[in-house]
Amino acid sequence: MTDRASTAPQTAAETRQETPFPIAVRRAMSEWLLPSWTMRRSPWAPAAGLLYVATIGALGGLRVDHVFLGMLGLLDLYNEKTRLFLRAFSPLILTGAIFDGMRYFYWEGIAGRVHVAEPYLLERAWFSVGGRTLNELFLEHHWPALDLACGFAYLVFVGEYVGLAILLFFRGREDAAQTFARCFLLVNVMGFATYFVYPAAPPWYVTAYGFGPARMHIEPAAAAAQRFDALLGTHLFADMYGRGIDVFGAFPSLHVSYPLIAALLAFRLRELKWARAPAVLFFLLMCLSAVYLQHHYLIDVLLGIAYALVALGAVSALERRAGGRPSGAPA
């Protein structure tokens, strides 16, 4: 009897493995670098990108990164691969545009409604140690090794998430990469909405300005992350937070949400089996970093975990309805 496994059609991954490496590289380069002469074009994606650039230009504050973001719409015209990449990661692009657009209405939207004392008092009532919050303890007790580790985590937390999505895309799992992108968009929209519904002062603000009425139009601060810059003689956090928007966006900690979603998807996807332990460790480091660096209370961390679970559950449910099962689920 003929072995069924020997006659089964090869998967795309098996075909790629059997292709000689130089041939595979040349094929990939031609697929990505050469324009397509047969693909049907549509003007909608480039038009949306140009409209975005024109809108920012009209509102004021147009920068090079805005132009770059808008020009990504041209990927839809180049070839099939660039179009696939754009469609897989368009939720990430949209997230960036939404976040940047908040600067036009953020301060007006939270005026007179910022909660300064309440988050601190809630934290102290639920999670105090000797009558003090964990943030207050870490202000007195901190160590260079943790400064470096937590600062590094705060620098790469978005890169870890996006990097895993890109890796999946180039391994032929466009569906899984799109799951990452959709979860990123949803959890951020949920977080951004919370910034307006319940604007909350972070621990560093309470330390710097106390419990009085919220000071409006202040600049975001690197807080204890400045110790990372001081140790290495850099200005990474000063530059990064100098362009921030959501000063009173402590609720929830999206710094924690991204690594948790990444870790959960690593356990769902066999392509990320190697990343499961590192992803869990990075998530735990981010939970510590958010509190240690004075950017969030522990209650913010717990909210970030809840938001991540809701976002992943919602995206998985939508994908089941649309395509039969979520990315990475057993067939």
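The sequence shown maps to residues 1 to 331 in the UniProt record's numbering.
Note that the Cβ used here is the ideal one computed from N, Cα and C, for glycine as well.
- For Arg321, the secondary structure class from DSSP, reduced to helix, strand or coil, is helix.
- Separation of the CB atoms of Ala250 and Pro46 is rounded to 38 Å, and the pair is thereby denied contact status at 8 Å.
- Where Thr179 is concerned, the enclosing alpha helix (DSSP H) starts and stops at Glu174 to Val197.
- Between Trp274 and Tyr258, the alpha-carbon positions lie close to 18 Å from each other.
- With a cut-off of 8 Å on Cβ pairs, the stretch 135-148 is not in contact with the stretch 265-274, counting fewer than three such pairs.
- Scanning its chain for C-beta atoms nearer than 7 Å, with the 5 sequence neighbours on each side dropped, one finds around Leu148 the residues Phe228 and Leu231, in chain order.
- Between Ala214 and Val116, the CB-CB gap stays under 7 Å.
- In this chain, Ile218 is not harboured by any alpha helix (DSSP H), its DSSP state being neither H nor E.
- By the neighbour-count criterion, in which 16 or more other beta carbons inside 10 Å mark a residue as buried, Ala153 falls on the buried side.
- Its chain contains Trp204, Leu293, Gln294 and His295 as the residues whose beta carbon lies nearer than 7 Å to that of Ala223, once the 5 sequence neighbours on both sides are disregarded; these appear in chain order.
- In this structure, DSSP gives Gly57 a helical state, which the three-state scheme calls helix.
- Using a Cβ-Cβ distance cut-off of 8 Å, the stretch 97-112 and the stretch 170-183 are not in contact, since fewer than three pairs of beta carbons, one from each stretch, lie closer than that value.
- Judged by DSSP secondary structure, Asn79 falls outside any alpha helix (DSSP H); it is assigned neither H nor E.
- Scanning Asp65, Leu77 and Ser316 for the CA closest to the CA of Ala97 turns up Asp65.
- When DSSP states are grouped into helix, strand and coil, Gly304 belongs to the helix group.
- Under the three-state reduction of DSSP, Val116 is assigned to coil, being neither helix nor strand.
- The three-state reading of DSSP puts Ala200 in strand, counting E and B together.
- In the assembly as shown, Val247 is a buried residue. Its beta-carbon has 16 or more other beta-carbons within 10 Å.
- Measuring C-alpha to C-alpha distances from Ile305 to each of Tyr297, Val280 and Leu254 identifies Leu254 as the nearest.
- A buried status is given to Glu160, since no fewer than 16 other beta-carbon atoms sit within 10 Å of its beta-carbon.
- In the three-state scheme derived from DSSP, where H, G and I count as helix and E and B as strand, Val247 is classed as coil.
- Ranked by how close their Cα comes to the Cα of Pro91, the residues Tyr307, Asn188, Ala290 and Met216 have Asn188 in first place.
- The three-state reading of DSSP puts Arg270 in helix, counting H, G and I together.
- A distance below 7 Å between beta-carbons, with the five flanking residues on each side excluded, links Arg113 to the following residues of its chain, in chain order: Pro199.
- Our two residues, Arg124 and Ala145, have alpha carbons roughly 27 Å apart in a direct line.
- In the structure shown, Arg63 falls within a coil segment according to DSSP collapsed to helix, strand and coil.
- Secondary structure at Arg26: helix, using DSSP grouped into helix, strand and coil.
- Taking Pro220 as the centre and dropping the five residues before and after it, the same chain places the C-beta of Tyr241, Gly242, Gly244, Ile245, Asp246 and Val247 closer than 8 Å to its C-beta, in chain order.
- For Arg276, the enclosing alpha helix (DSSP H) starts and ends at Arg276 to Tyr292.
- In the DSSP assignment, Tyr106 falls within the unbroken alpha helix (DSSP H) covering Tyr106 to Ile110.
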